[in-house]
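*Asks:*
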Amino acid sequence: MAEKNCNNGDGVCKRSSVLSWEQIRNLNKVLTEVVPVHGRGNFPTLEIQLKDIIRKVRCRLDVEGIKVKDVRLNGSAASHVLVKDNGLSYKDLDLIFAVELPSEVEFQLIRDIVLGSLLDFLPEGVNKNKLTPMTLKEAYVQKLVKVSTETDRWSLISLSNKDGRNVELKFVDSLRRQFEFSVDSFQIVLDSMLLYYDCAENPMTEHFHPTVVGESVYGNFQEALYHLENHLIATKNPEEIRGGGLLKYCNLLVRDFKPADEEVKTLERYMCSRFFIDFPDIVDQQRKLETYLHNHFSKEEKSKCDYLLILYRVVNESTVCLMGHERRQTLNLIAFLALREMGQLPTVPNTSSVTCYYQPAPHVSDMNFSNYYIANSPAAYDHSYHTWLSCS
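For the sequence shown, the residue numbers in our numbering are 75 to 466.
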């Protein structure tokens, strides 16, 4: 991979690099692979290639006068392209469309354009005349997010996949923080690949393929790539990340990533503090944890248990911003989720290293007190959103 140099004289602009032929082959596979978008109820499954949905959405945006500066592959999918066996769970397919969003009109127009594009992927024989954007949203959209603040203006439309491999289309005007850790900071500019698909008559070869540029918004491409290749954890200012990056940090730990230096360990406090600022209520915490487990550990039941045990340790050791009862409440929630996941494993896990502490409550001495209680089952959360989910 050849590094793309900058001419600013101080060497700090080494944030981009040209992809190798092997990486371009990986990228081509990601863009041309058929990804199912599962419909709710009786709605049929859509079979989508990323290159096709990008083309259709971009064309419709152009017709409506919304200019797309570029389109990028982001997150774990981009990391997979650069280092195929990187130890990360390759789930969501994140696409970033760089656009201008000056008003609410553009937000709504983009939403309708994406939903309208889904009509082109419906199987033959389906009557499309009565399918409104609202109907398509209820059938195929996992979540809608709109953020409009002084520093951040973007929207996200996530298309459903039962295995957690959602196609996520993000339309970004401005976004102050674009990564959590160095290993997920990569963005690959797709424009040259898309142009090749439209214009080239011959398949790509090692000696005939487009030039593709990757970028690390972490700041230094080669440093971030080194972290990815060697399973190292590094970040900057986690207090700027929504949720503090706490859940992703524990995800990296459970996949045998190690802190790149001692400073990362000290940043655990900032991660925990920001997480509890963003999710102060125990109900919000449970919803966030269960959604994260569903999206990032599909069909990885054993890893779910290990992940929750690591999260318990980090929260227990590094939380300094909560009152004692709040801290215990969160730890009890994590322990409950871990025990629930253990109960679903086909074999009983080895608990020889697990220590449980029990202190009877004072009212147990009351002869009228019953030892039995009925535990309410965890609330079932609907992962579909009937309107924009505001993150402002």
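The beta-carbon is built from N, C-alpha and C at its ideal position, and this holds for glycine as well.
For the beta strand (DSSP E) that Pro207 lies in, which residues bound it at each end?
*Replies:* First-last for Pro207: 207–214, but that is the alpha helix (DSSP H), not the beta strand (DSSP E).
*Asks:* Reducing DSSP to helix, strand and coil, say where Asp168 ends up.
*Replies:* Strand at Asp168.
*Asks:* What is the DSSP secondary structure of Asn325, reduced to helix, strand or coil?
*Replies:* Asn325 falls in the helix class under three-state DSSP.
*Asks:* Taking 8 Å as the threshold, find out whether the stretch 136–153 comes into contact with the stretch 259–266 through three or more Cβ pairs.
*Replies:* Counting Cβ pairs under 8 Å, three or more are found: they touch.
*Asks:* Determine the burial state of Leu419: buried for a count of at least 16 other Cβ atoms within 10 Å of its Cβ, exposed for fewer.
*Replies:* Exposed: under 16 other Cβ atoms inside 10 Å.
*Asks:* With distances taken Cα to Cα, identify the nearest neighbour of Met208 among Met397, Leu192, Leu320, Leu167.
*Replies:* Per the Cα distances, Leu192.
*Asks:* Where Leu101 and Gly319 are concerned, what is the direct C-alpha to C-alpha distance, given to the nearest angstrom?
*Replies:* Each residue's alpha carbon lies about 27 Å from the other.
*Asks:* Measure from the alpha carbon of Thr119 to the alpha carbon of each residue in Leu218, Glu178, Leu233, Val219, then state which is nearest.
*Replies:* Nearest of Leu218, Glu178, Leu233, Val219 to Thr119, Cα basis: Leu233.
*Asks:* Take the Cβ of Pro354 as the centre, count every other Cβ of all protein chains shown within 10 Å, and call the residue buried at 16 or more, exposed below.
*Replies:* It counts as exposed.
*Asks:* Taking the C-alpha atoms as reference points, what is the distance between Trp95 and Leu105?
*Replies:* So the two alpha carbons sit approximately 15 Å from each other.
*Asks:* Going by the DSSP bridge assignment, what does Pro118 pair with across the sheet?
*Replies:* Answer by DSSP bridge pairing: none, since Pro118 is not bridged.
*Asks:* Got a sec? Which residues, its chain only, sit under 8 Å from Ser150 by beta carbon, not counting five neighbours each side?
*Replies:* Same-chain partners within the cutoff: Leu162, Ser163, Tyr164, Lys165, Asp166, Asp168, Asp258.
*Asks:* Is it buried or exposed, Gly83, if we count other Cβ atoms within 10 angstroms and call 16 or more buried?
*Replies:* Model confidence at Gly83 stands at a pLDDT of 47, short of 50, so the residue's coordinates are unreliable; what they give is reported in the following sentence. Exposed, by the Cβ-count rule.
*Asks:* If you reduce the DSSP assignment to three classes, tell me which class Ser222 lands in.
*Replies:* The answer is strand: DSSP assigns Ser222 an E or B state.
*Asks:* Say whether chain B places a C-beta atom closer than 9 Å to the C-beta of Gly113.
*Replies:* Although the question refers to chain B, the structure presented lacks it and comprises just one protein chain.
*Asks:* Cutting at 8 Å between CB atoms, please list the residues of its own chain near Lys202, excluding the five before and the five after it.
*Replies:* The residues are Leu193, Leu196.
*Asks:* Where does Phe253 fall in DSSP's three states?
*Replies:* Note: Phe253 maps to coil in three-state DSSP.
*Asks:* Does Gly288 pass the burial test, meaning 16 or more other C-beta atoms within 10 Å, or should it be called exposed?
*Replies:* So Gly288 counts as buried.
*Asks:* With DSSP collapsed to three states, give me the class of Asn100.
*Replies:* Three-state DSSP puts Asn100 in a helix.
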